[in-house]
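For the sequence shown, my numbering gives the first residue as 214, with consecutive numbering after it. Even for Gly, the Cβ is constructed at its ideal location relative to N, Cα and C. Heads up, the thing below is written out as structure tokens.
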Amino acid sequence: MYAVIETGGKQYRVEVGTELEVELLDAEPGKTVTLDRVLLVADGDEAAIGRPLVGDASVSAEVVRRDRGPKLISFKYRPKARTRVKKGHRQELTVLRISDITLNGKSAAKVAAKAESDAKTERQRLEEAASVQAAKDAELAAKLAAPKATTKEPAKKPTAKADTKADTKPAAKAATKPAAKAATKAAPKKATTKAKAADADASEAKAAPKKSTPKRATKKDE
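Laid out in structure tokens, this is it:
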């Protein structure tokens, strides 16, 4: 909510908490003054426009301090008359802080206070939720960082059946393997000896001399 007020022949747009400098008012610092000349009051989409003033509307302000404006130089000159007039001026001002704007019994200060309290509670709720989440994250990180305790299971004793099976199987395998190897090795040797004997017989048959047959007597020999 904001309002447009008139004081000292000037118009100002003010809200709750606004500080402004106005023409000197007859009020001591620390006191509260009420500005009745309200030209406009707006609250969201609703606006009350005065003709020229808004009825049942007022602006309350707290006097903060009295001050003086910047120095203004006034110089008056008349040519060919040797007239030179130089003056300085600092306007007396009153600094106000707007404390409340009311329209038809509705106070802008109360609305602002409620909104601020709601925002504060929401902020506190979010902070508490964030702190709880941070604590949970820290606890989880500590659990993950801690080394896991390794528990070794006791070795199971082998049973008698397993021992007998283990003893019989290697023995049977060892017995069958050498016999098979010996059989395979002996078979080629027998084949080679038979082949050698056959070759020897053939060579002997070739080497044996042929029997000479007696020649028949011819007539010349007789």
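Asked: contact_flag[the region 297–305, the region 314–325] where n(CB pairs < 8 Å) is 3 or more; Found: no
Asked: Residues bridged to LYS356 [DSSP beta-bridge criterion]; Found: For LYS356, which the question treats as bridged, DSSP gives no partner whatsoever.
Asked: Cβ distance (whole Å) where ASP258 is taken to contact LEU316 below 8 Å; Found: So it is not a contact: roughly 14 Å between Cβ atoms.
Asked: Other residues of its chain near ARG250: CB distance less than 8 Å, five sequence neighbours each side excluded; Found: ILE218, GLU219, THR220 and LEU266
Asked: Beta-ladder partner(s) of GLU335, from DSSP; Found: Looking at the DSSP assignment, GLU335 forms no beta bridge with any residue, so it has no partner.
Asked: Reference LYS244; option with closest CA among LYS356, PHE288 and ILE311; Found: ILE311
Asked: Reduced DSSP secondary structure (H/G/I, E/B, other) of ASP256; Found: strand
Asked: VAL324 - DSSP class collapsed to helix/strand/coil; Found: helix
Asked: Endpoints, the beta strand (DSSP E) within which VAL227 is located; Found: 223–228
Asked: Through-space distance from ALA343 to ARG281, alpha-carbon basis; Found: 49 Å
Asked: CB of GLY222 within 9 Å of CB of GLU236, strictly; Found: yes
Asked: Buried versus exposed, by CB contacts within 10 Å (16 or more), ALA216; Found: buried
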